[in-house]
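Asks: Below is a structure I'd like to ask you about.
Residue numbers (my numbering): 66 to 525.
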């Protein structure tokens, strides 16, 4: 009840009633009493008799205006004063919110609709302050994590300028100095070509580059998205050298255990059979000796085949560089595996060890067929990029996860249950012996692309 009585509607109703009553009283005063009586008295005076007839109506109107105008101004001031104060306060609050200051609040001393509006405004300000503080804390936490992560992070805008970079990226590309606003393509141009080419490809990749007098392995992840309606690209450069070194040591330990296990599985029966053969020979039972010797030979051949696979990796000879004509090389390769040649082979002969590179391509194409994609999508592309020769083998299988991609070039690493792990490792060993490098990248739409980059030098 009290809220209804103090509402703006009730106040406006009372104001209109007061205005109506005031108008009626003024009208009665002008037309009935006392204005007519005063005018009549003035007409009886000789000094005013000349003007009384002409000033009767106009005088009444003038008197009404002189009475109503101050009253109207006073009522307007009384009614509009709270509204004017509220509007000025709201104007200041909106200006503060626009400037990012949500600490502004308005004092409440009313119990009508305007007071309710002020209380709602203050509650909104409190909510905005809490949300802003929460966002600031989250942004601070996120920035701390991003800045101190060992992964180099670079965010570029639509024209390729750096919009954000963490500490690791500043040390990687600009000796610890800020990258803000710099042209990222110019920073890449000053670094290794392999890194620049991997970024320009727009795909995830695992690559090795020469940096600071040593070889560094990076895993590159790239993602495109829109930020505030504008296209941006995020590049993540993760150093994998230490991790690969640890994985390589663990792999060698695993290989040693596998070889030791295989040796024990083969030598123990051979030793037992040799002892049995000696016992049979001592007894003169020579009829059973051929079977014993056949079993020993079978186990020895199995052991020889097992050891030969790994020995071929360790005894890989130095490549014999020579000019290689492409058409005969591709015809010979097609006899061992099926592939689809993209484009035309370069007219200029390549310079590499034909036997070793052919073995690498046979392994890679065989792996591409076993990847599970369409066999007709297994392709081979040969391009000449400056002084480098690029040979790409691509498939449309499931590709590789980030974990597998990071370990794929480790010696003897294999995702197959019975795999020897010599395929990609042999490719890396032969390519690096040629002074080149191996790049792995997942393809858009599914699949894997393995690229051999071989420098073209004049053979001696």
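Note that the Cβ used here is the ideal one computed from N, Cα and C, for glycine as well.
Check each candidate in 332, 515, 522 and name the one with the smallest Cα separation from residue 567.
Replies: Past the boundaries of the shown model lies residue 567; the chain is included only from 66 to 525, so the question cannot be answered.
Asks: Taking only runs of the alpha helix (DSSP H) that begin and end inside the region 227 to 254, which ones reach a length of at least 4 residues, in chain order?
Replies: As far as the region 227 to 254 is concerned, its whole alpha helix (DSSP H) runs of at least 4 residues are 232 to 239, 249 to 254.
Asks: Among residues of its own chain, excluding the 5 on either side of residue 217, which ones have a beta-carbon nearer than 6 angstroms to its beta-carbon?
Replies: Correct list, in chain order: 233, 234, 237, 302.
Asks: In the DSSP assignment, what residue or residues form a beta bridge with residue 298?
Replies: Per DSSP, 221, 289.
Asks: Could you check the C-alpha separation between residue 148 and residue 245 for me, to the nearest Å?
Replies: Near 49 angstroms, if we compare the C-alpha coordinates of residue 245 and residue 148.
Asks: Just to confirm before moving on: does the CB-CB distance between residue 513 and residue 436 stay below 8 angstroms?
Replies: Taking 8 angstroms as the Cβ cut-off, residue 513 and residue 436 qualify as a contacting pair.
Asks: Determine which residues share a DSSP beta bridge with residue 396 and list them.
Replies: Answer is none; residue 396 lacks a bridge partner.
Asks: Is residue 287 closer than 8 angstroms to residue 300 when the C-beta atoms are compared?
Replies: Cβ distance < 8 angstroms, so residue 300 and residue 287 count as in contact.
Asks: Hey, could you find the ends of the beta strand (DSSP E) residue 449 is sitting in?
Replies: Run containing residue 449: 444 to 450, per the beta strand (DSSP E) assignment.
Asks: Quick one: measure Cβ to Cβ for residue 506 and residue 266, integer angstroms, because I've assumed they're closer than 8 angstroms.
Replies: Indeed, because the Cβ distance is near 7 angstroms, the residues count as touching under 8 angstroms.
Asks: Look at the alpha carbon of residue 425 and the alpha carbon of residue 248, and state the distance between them as a whole number of angstroms.
Replies: When rounded, the distance between both Cα atoms is 38 angstroms.
Asks: Quick check: the region 361 to 370 against the region 399 to 410, are there 3 or more CB pairs under 8 angstroms?
Replies: The region 361 to 370, when compared against the region 399 to 410, does not touch it at the 8 angstroms Cβ threshold.
Asks: Assuming the contact rule is C-beta atoms closer than 8 angstroms, residue 209 and residue 297 should be a hit. Round their C-beta distance to whole Å, please.
Replies: In fact, because the Cβ distance is near 22 angstroms, the residues do not count as touching under 8 angstroms.
Asks: Measuring only from the beta carbon, is residue 507 closer than 7 angstroms to any heavy atom that is part of the ligand MG?
Replies: The model depicted lacks the ligand MG and carries no ligand whatsoever.
Asks: Taking Cβ positions, are residue 492 and residue 429 nearer each other than 8 angstroms?
Replies: Closer than 8 angstroms, so yes.
Asks: What does the alpha-carbon distance come out to for the pair residue 402 and residue 427?
Replies: Between residue 402 and residue 427, the C-alpha separation is close to 7 angstroms.
Asks: Leaving out five residues on either side along the sequence, give the residues of the same chain with a beta carbon under 6 angstroms from the beta carbon of residue 498.
Replies: Excluding positions up to five away in sequence, the list reads 384.
Asks: Assuming contact is defined by CB atoms lying nearer than 8 angstroms, are residue 140 and residue 80 in contact in what I supplied?
Replies: Yes, Cβ-Cβ distance for residue 140 and residue 80 is below 8 angstroms.
Asks: Could you give the uninterrupted runs of the beta strand (DSSP E) lying entirely in the region 407 to 438, keeping only those of 3 residues or more?
Replies: Correct list: 415 to 417.
Asks: Does the beta-carbon distance from residue 527 to residue 364 come in below 8 angstroms?
Replies: The structure shown does not extend to residue 527, since the chain is modelled only from 66 through 525, so no value can be given for it.
Asks: Taking the CB atoms as reference points, tell me whether residue 190 and residue 170 lie closer together than 8 angstroms.
Replies: A contact, by the Cβ cut-off of 8 angstroms.
Asks: State the Cα-Cα distance for the pair residue 391 and residue 417, rounded to the nearest angstrom.
Replies: About 11 angstroms.
Asks: What residues in its chain sit with their C-beta under 7 angstroms from that of residue 280, if we drop five residues either side in the sequence?
Replies: Correct list, in chain order: 273.
Asks: So, residue 346 versus residue 338, is the Cβ gap smaller than 8 angstroms?
Replies: It is not a contact, given that the beta carbons lie outside the stated cut-off.
Asks: Which term fits residue 464, buried or exposed, when burial requires 16 or more other beta carbons within 10 angstroms of its beta carbon?
Replies: By the neighbour-count rule (16 or more Cβ atoms within 10 Å), residue 464 is buried.
Asks: Does DSSP classify residue 513 as helix, strand or coil?
Replies: Strand, per DSSP.
Asks: What does a CB cutoff of less than 7 angstroms around residue 116 pick up in its chain, not counting 5 residues either side in sequence?
Replies: Reliability of the predicted coordinates at residue 116 is poor, the pLDDT of 49 falling under 50, and the value obtained from them is presented with this limitation in mind. No residues qualify anywhere along the chain.
Asks: Assuming residue 445 and residue 458 are in contact, meaning their beta carbons sit under 8 angstroms apart, how far apart are those beta carbons, in whole angstroms?
Replies: Contact holds; Cβ gap of about 6 angstroms.
Asks: Using alpha carbons as the reference points, say which of 411, 398, 439, 432 lies closest to residue 419.
Replies: Nearest of 411, 398, 439, 432 to residue 419, Cα basis: 398.
Asks: Among the candidates 400, 432, 511, 422, whose CA atom is the shortest distance from the CA of residue 461?
Replies: For residue 461, the nearest C-alpha among the options comes from 511.
Asks: Which residues in the same chain have their Cβ closer than 6 angstroms to the Cβ of residue 521, if we skip the five residues on either side of it in sequence?
Replies: So the qualifying residues of the chain are 416, 452, 454.
Asks: Can you tell me which of the three DSSP states residue 168 falls into?
Replies: Note: residue 168 maps to coil in three-state DSSP.
Asks: Counting along the chain, where does the alpha helix (DSSP H) carrying residue 453 start and finish?
Replies: Careful: residue 453 lies outside any alpha helix (DSSP H), inside the beta strand (DSSP E) at 453 to 459.
Asks: Just the Cα atoms here: how many angstroms apart are residue 304 and residue 502?
Replies: Their Cα atoms are separated by approximately 17 angstroms.
Asks: Go to residue 259, then tell me how far its alpha helix (DSSP H) extends in each direction, as first and last residue.
Replies: Looking at the DSSP string, the run of the alpha helix (DSSP H) that includes residue 259 is 258 to 266.
Asks: Near residue 241, which residues of its chain fall below 7 angstroms by C-beta distance, leaving aside the five closest residues on each side in sequence?
Replies: These residues qualify, in order along the chain: 235.
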